[in-house]
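Undergrad:
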């Protein structure tokens with residue numbers, strides 16, 4: 009938005025402010041485009057623009073501010089709204105809708121990403137079960153190999169779903185991770201860090217042992 013001096017004339021923007029704002033728009037644009045299918049870099053820039061705004065913005069205002077067509081802005085607004093990142097408002101007496109974030113940034117992105125991850129896990133859980141159902145009691149090497157892979161996939165997604173149900177906030181809105189972390193006592197965080205590191209170390213050791221055993225078996229053949 010163009011700022012003005014006390015005399016009403018447009019002021020010359022500070023180049024450092026322009027550069028910092030541009031960096032944020034581009035960075036958030038890339039982040040959101042990579043995390044949410046169907047939302048482009050422009051959609052991420054819309055999020056950054058709404059974060060920097062002092063009040064809700066109309067589609068026309070966003071189009072002017074970001075220098076993009078209203079059709080492109082509109083397509084991304086729809087995607088952001090469907091993802092639960094922004095919300096649409098119609099102020100009393102206003103002729104057009106305006107848009108704002110559903111919560112603080114980045115809390116709203118974290119909440120939307122966790123909701124999407126939960127949906128992905130449930131979808132893939134259902135997919136692996138459906139594929140097993142279609143395979144049925146088919147026999148033969150190919151069927152047995154496929155059944156083994158599908159059983160493994162189903163087991164993993166069942167585990168992921170169980171862990172998410174236990175430990176991941178099930179919310180349809182922003183997730184204030186900063187507040188959640190602040191509420192967890194420091195000794196608990198240290199214990200979690202130690203446990204996670206130990207789990208990864210054990211997994212790496214098991215994988216290395218398995219790979220070495222496989223190499224030896226291959227050489228003997």
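In the numbering used here, the protein residues as written are 9 to 229. We treat Cβ as the ideally placed atom computed from N, Cα and C, and that holds for glycine. Computed from a predicted structure; not experimentally measured.
Looking at the structure shown, is residue 189 part of a helix, part of a strand, or coil, going by DSSP?
TA: DSSP places residue 189 in helix when its eight states are reduced to three.
Undergrad: Using beta-carbon positions only, say whether residue 192 and residue 122 come within less than 8 Å of one another.
TA: It is not a contact, given that the beta carbons lie outside the stated cut-off.
Undergrad: Straight-line CA distance for residue 151 to residue 68?
TA: Each residue's alpha carbon lies about 57 Å from the other.
Undergrad: Short of 7 Å in beta carbon distance, which residues of its chain neighbour residue 84, apart from the five on each side in sequence? Order them along the chain.
TA: Here the set comprises 47, 48, 50, 51, 54.
Undergrad: Measuring alpha carbon to alpha carbon, tell me which residue in 154, 131, 149 is nearest residue 142.
TA: When only C-alpha atoms are compared, the closest one is 154.
Undergrad: At the level of alpha carbons, what is the spacing between residue 91 and residue 128?
TA: Cα-Cα distance, rounded: 13 Å.
Undergrad: Which of helix, strand or coil does DSSP assign to residue 99?
TA: If DSSP states are grouped into helix, strand and coil, residue 99 belongs with coil.
Undergrad: Is it true that the CB of residue 97 sits closer than 8 Å to the CB of residue 64?
TA: Result yes, Cβ atoms of residue 64 and residue 97 sit closer than 8 Å.
Undergrad: For my contact list, residue 172 and residue 126 are in at a C-beta cut-off of 8 Å; report their separation, rounded to the angstrom.
TA: So it is a contact: roughly 6 Å between Cβ atoms.
Undergrad: Do residue 93 and residue 109 have their C-beta atoms within less than 8 Å of each other?
TA: In contact: residue 93 and residue 109 (Cβ atoms closer than 8 Å).
Undergrad: Is the beta carbon of residue 111 less than 8 Å from the beta carbon of residue 181?
TA: Taking 8 Å as the Cβ cut-off, residue 111 and residue 181 qualify as a contacting pair.
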